[in-house]
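**Q** Okay, here's the structure, questions in a sec.
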Amino acid sequence: AKSAGGAGCRFFEPEMDARMQERRKVELELRRALALKQFELFYQPQIDLGTGKVEGFEALLRWHADEGLMSPASFIPIAEETGLISQIGAWVLRTACMQAAKWKRPASVAVNLSPLQFRGSDLVQTVMSALSHSGLDPERLELEITEGALLEDTDLVISTLNSLRAIGVRVSMDDFGTGYSSLSYLQKFPFDKIKIDQSFVQRMQHSGEASAIVRAVTRLGVSLGMRTAAEGVETEEQLEAIRAEGCDQVQGYLTGKPMTNSDAAALLSE
Ligand code: C2E
Ligand code: CA
Ligand code: CA
Ligand code: CA
Numbered sequence: 266a267k268s269a270g271g272a273g274c275r276f277f278e279p280e281m282d283a284r285m286q287e288r289r290k291v292e293l294e295l296r297r298a299l300a301l302k303q304f305e306l307f308y309q310p311q312i313d314l315g316t317g318k319v320e321g322f323e324a325l326l327r328w329h330a331d332e333g334l335m336s337p338a339s340f341i342p343i344a345e346e347t348g349l350i351s352q353i354g355a356w357v358l359r360t361a362c363m364q365a366a367k368w369k370r371p372a373s374v375a376v377n378l379s380p381l382q383f384r385g386s387d388l389v390q391t392v393m394s395a396l397s398h399s400g401l402d403p404e405r406l407e408l409e410i411t412e413g414a415l416l417e418d419t420d421l422v423i424s425t426l427n428s429l430r431a432i433g434v435r436v437s438m439d440d441f442g443t444g445y446s447s448l449s450y451l452q453k454f455p456f457d458k459i460k461i462d463q464s465f466v467q468r469m470q471h472s473g474e475a476s477a478i479v480r481a482v483t484r485l486g487v488s489l490g491m492r493t494a495a496e497g498v499e500t501e502e503q504l505e506a507i508r509a510e511g512c513d514q515v516q517g518y519l520t521g522k523p524m525t526n527s528d529a530a531a532l533l534s535e
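In UniProt numbering, each residue's number is its place in the sequence shown (first place is 1) plus 265.
Take a look at the structure:
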């Protein structure tokens, strides 16, 4: 380990110590959560704009902690820092496949992968075992990855994407347009779908630029043979704007909030 001398002394400042302790506490709680089955998947409908029907659901992780229901934004970063994400991620994959396999209609299920999980050496094996254990048709499984998974080692990323596609699952580029994601990613990596980040959808009415970006990404999707989806659609106006740009799919509070598995299953039986 590095010596704690010089600027490293900051390490011992009380607030840093408190942060480390908090992290360790959450780590123990997350381990306990796995053992006690405190995790649950919620499902948010994804609507095909061509047919107006529910095409599938995105699985969104929830934690029933002692303090109440926790959003993944609050604990996924700690799960990543501590390496627990691989166990949690495997649980998410297994559970999403098992639950989706029991839905009455063969809708798709989209699972979020953290960048660490995507780069892990056992990803393809974990996906195959979730599929075979559940009996889910691989074509019904979609994996969503963010640009963070794409930053290093282009060749490895391409070969992982190709291995996943070879088993028949689809891969989506999530949160497109945020962070460092660039148009070159779409050309370089074989995605099936581009999910346009909700920040663009929410700015469209007030910003000609946001609309122009949504339009450009949608056109690019068509020419690259990728479907496009718009996230975070909350109003009828946003839905109409998205429809006008020719996106294939929408997801947002307007067309359905994240719901329990039994509500999702019931929605498909309607
Ligand atoms: P995401 O993948 O971009 O998921 C969409 C987020 O937007 C979800 O938040 C969803 O509840 C929320 N959302 C959906 N429609 C609307 C809308 O109309 N308006 C607004 N304002 N928000 C909307 P959630 O469930 O809190 O998840 C946050 C993030 O946590 C996700 O963002 C994803 O990055 C991550 N996450 C969720 N589940 C998992 C998981 O199983 N594994 C990993 N690694 N990450 C996960
Ligand atoms: Ca997602
Ligand atoms: Ca997203
Ligand atoms: Ca997001």
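Every residue gets a Cβ at the ideal spot worked out from N, C-alpha and C, and that includes glycine.
#1: Helix, strand or coil for Ile-432 per DSSP?
#2: Identify, in the order they occur along the chain, each residue of the same chain with its Cβ nearer than 6 Å to the Cβ of Gly-270, setting aside the five sequence neighbours on each side.
#3: Apart from the five residues on each side of it in sequence, which residues of its chain come closer than 6 Å, Cβ to Cβ, to Met-285?
#4: Tell me whether Thr-525 is buried or exposed, calling it buried when 16 or more other Cβ atoms sit within 10 Å of its Cβ.
#5: Ordered along the chain, which non-local residues of its own chain (more than five positions away) have a Cβ less than 7 Å from that of Thr-411?
#6: Expressed to the nearest angstrom, what Euclidean distance is found between the alpha-carbon atoms of Gln-503 and Gln-309?
#7: Would you identify the three-state DSSP class for Gly-321, choosing helix, strand or coil?
#8: In the DSSP assignment, what are the bridge partners of Glu-474?
#9: Between Ala-475, Asp-528, Ala-530, Ser-464, which has its C-alpha nearest Glu-499's C-alpha?
#10: State the beta-bridge partners of Ile-461 as determined by DSSP.
#11: What's the C-alpha gap between Leu-301 and Thr-483?
#12: Beta-carbon separation of Ile-459 and Thr-425 under 8 Å?
#13: Would you check whether ligand 1 has a heavy atom nearer than 7 Å to the C-beta of Gly-333?
**A** So, to answer that:
#1: coil
#2: Only weak support is given to the placement of Gly-270: the predicted model assigns it a pLDDT of 46, under 50, and the value that follows is read from those uncertain coordinates. Excluding sequence neighbours, Gly-270 sits near nothing in its chain.
#3: For Met-285, where only same-chain residues beyond five positions count, there are no Cβ hits under 6 Å.
#4: exposed
#5: Pro-380, Asp-439, Asp-440
#6: 18 Å
#7: strand
#8: For Glu-474, which the question treats as bridged, DSSP gives no partner whatsoever.
#9: Ser-464
#10: Phe-441, Ala-495
#11: 43 Å
#12: no
#13: no
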